[in-house]
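Chains as they are written, first to last, in the numbering used here: chain A, 1 to 152; chain B, 153 to 491.
By construction, the Cβ of each residue, glycine as well, lies at the ideal position given by its N, Cα and C atoms.
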């Protein structure tokens, strides 16, 4: 199950390890479709298509409208609060992505095989949380070893 | 033309070793299909269409885009639902091109070859097809003596510059598939574009062949246009002014201004409005075409993949004589995309 976000509650979290991430616009779609970031991270939204794009998030999470901009241009948003933002393009209705901002340094997005890994975790236990589009959020307790999460 | 195409593509390949390209992308393929249907009180027009688009990354940094459509209308004379694809009642390839983009430092260099929409003004399919308007602007519709959103070039175009200022030059031959099909010849198109903050400005010029019969439409078609767009807080304002001659001895001047509003709190609704005017002047007074039109409408994303478009228009001038002063258009579009 790809594109599931898993994170461990660890607030107050230290500053983000990587303060900049990229949500590309290429071939009339966002890439990646699901991006997880630590609160405080700035996400770049480059337009790598010949057409204009207009990235916005009106519904929940971080509310913003980057306006219309051409190929080669980049605009930025800092996700300063935890939560899920649904990202769309106002010009191309088929474009959609999710940005999950988590207040934790311990997070990952599952790959095409449904696997994920989180490295360098301080000793627990932790409360884990998991999200994927269209499904109920999951949570539980994890101490060590392999964490297996499955949605009904 | 074939010689020119080969030369430019070869040049692009050789540049690949000299210019830093974008980071490598894996091969990808995205397929998208849209099924549309609509009815209009404009002469009781009914229309249906299916479009299929396939695009993605190929080898060596080349991207591809293909679009085919089938569309049928009960009245080919009406411009209802004529926003962005032709109604020929047969499957037709609309666009099919490959593109290579280079990013030397912060600059842009893009080479595109194949069959693509004429890059004049506000011209991409997504600018017109999915915006909430059910009709093309008068000055960009088949058969109104100006330019058409369905005009296609078979050739090459090159865009160079930086994001804030770029120039695009294209050379090709007409490959139109709508009701207005230009005669054979060589087209040249030049476009200059800049943006600053929420504003985007463009100036375009095209020299092409007339689509009217050679028996009376002599010479070449020349058009120059300026376009502007503004976008802030979910409000998009855009417009074009286009002037020129569709053939010797006649002139066409037209403009339109659009407002598209999708603000916080409007949910799935995008509201649209357009003011426009078209003036085609010829020494034969019986053939002049002077029309003004006002349109208000909305696009509503009713379900995840289903959108509804509704518009009401009022018009005056020669089109009023032919189709009446008011019309209501209602259309639905179902879109699926894989992956």
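Item: 8 angstroms is my cut-off, CB to CB: does residue 4 of chain A come that close to chain B?; Value: no
Item: With DSSP collapsed to three states, give me the class of residue 134 of chain A.; Value: coil
Item: If I measure Cβ to Cβ from residue 2 of chain A and keep anything under 7 angstroms in the same chain, skipping five residues before and after, which residues do I get?; Value: 110, 111, 112, 114
Item: Taking just the CA atoms, how far does residue 384 of chain B sit from residue 351 of chain B?; Value: 9 angstroms
Item: Rounded to whole angstroms, what's the CA-CA distance from residue 156 of chain B to residue 307 of chain B? Just pull it up for me.; Value: Unreliable positioning characterises residue 156 of chain B in this predicted model, as indicated by a pLDDT of 34, which lies under 50. A coordinate reading is not provided.
Item: Of all the residues that make up the region 336-361 of chain B, which are near chain A by a beta-carbon distance shorter than 9 angstroms?; Value: 345, 347, 349, 350, 352
Item: Check whether chain B comes within 8 angstroms of residue 50 of chain A, counting only Cβ atoms and requiring the distance to be less than that.; Value: yes
Item: Can you tell me whether residue 231 of chain B is buried or exposed, with buried defined as 16 or more other CB within 10 angstroms of its CB?; Value: buried
Item: Looking at residue 91 of chain A and residue 278 of chain B, is the spacing between their C-beta atoms short of 8 angstroms?; Value: yes
Item: Does the beta carbon of residue 170 of chain B come closer than 8 angstroms to any beta carbon on chain A?; Value: Any reading at residue 170 of chain B needs caution, since the residue's pLDDT is 37, under 50, leaving its predicted position unreliable; the model's value is listed next. Output row for residue 170 of chain B: interface = no.
Item: Pull up the distance between the alpha-carbon of residue 367 of chain B and that of residue 335 of chain B, whole angstroms please.; Value: 12 angstroms
Item: Using the beta-carbon of each residue, which ones in chain B are nearer than 7 angstroms to residue 120 of chain A?; Value: What residue 120 of chain A touches in chain B: nothing, since even the nearest Cβ is about 27 angstroms away.
Item: Give the residues of chain A in contact with residue 260 of chain B, contact being defined as C-beta atoms less than 8 angstroms apart.; Value: 71, 72
Item: Residue 301 of chain B by DSSP, collapsed to three states: which one?; Value: coil
Item: Counting only Cβ-Cβ distances shorter than 8 angstroms, please list the residues of the region 451-466 of chain B near chain A, keeping chain order.; Value: 453, 459
Item: Check the Cβ of residue 68 of chain A against every Cβ in chain B and list those closer than 7 angstroms, keeping chain order.; Value: 352, 381, 383, 388
Item: Give me the chain B residues within the contact set of residue 77 of chain A, using Cβ-Cβ distance strictly less than 7 angstroms, ordered along the chain.; Value: Per Cβ cutoff of 7 angstroms: no residues; residue 77 of chain A is ~15 angstroms from chain B at best.
Item: Can you say whether residue 243 of chain B is buried or exposed, counting buried as having 16 or more other CB atoms within 10 angstroms of its CB?; Value: exposed
Item: Can you tell me whether residue 196 of chain B is helix, strand or coil according to DSSP?; Value: helix
Item: Starting from the Cα of residue 144 of chain A, find the closest Cα among A:4, A:45, A:121 and give me that residue.; Value: A:121
Item: With DSSP collapsed to three states, give me the class of residue 363 of chain B.; Value: coil
Item: Based on the DSSP secondary-structure assignment, which residues constitute the bridge partners of residue 53 of chain A?; Value: A:69
Item: I want to verify the contact list: residues of chain A whose CB lies under 9 angstroms from the CB of residue 314 of chain B, in sequence order.; Value: 72
Item: Hey, residue 393 of chain B and residue 370 of chain B: beta-carbon distance below 8 angstroms or not?; Value: no
Item: Assuming residue 235 of chain B and residue 286 of chain B form a contact by the criterion Cβ under 8 angstroms, report the distance between their Cβ atoms to the nearest whole angstrom.; Value: 6 angstroms
Item: To the nearest whole angstrom, what separates the beta carbons of residue 359 of chain B and residue 340 of chain B, a pair I think is in contact under 8 angstroms?; Value: 5 angstroms
Item: Go ahead and label residue 27 of chain A buried or exposed: buried means 16 or more other beta carbons lie within 10 angstroms of its beta carbon, across all protein chains shown.; Value: buried
Item: Applying the 10 Å Cβ sphere with the 16-neighbour rule, what's the burial state of residue 148 of chain A?; Value: exposed
Item: Threshold first: 4 residues or longer. Then list the alpha helix (DSSP H) segments lying entirely within the region 430-483 of chain B, N to C.; Value: 470-475
Item: Assign residue 137 of chain A to buried or exposed, taking buried as 16 or more other Cβ atoms, counted over all protein chains shown, within 10 Å of its Cβ.; Value: exposed
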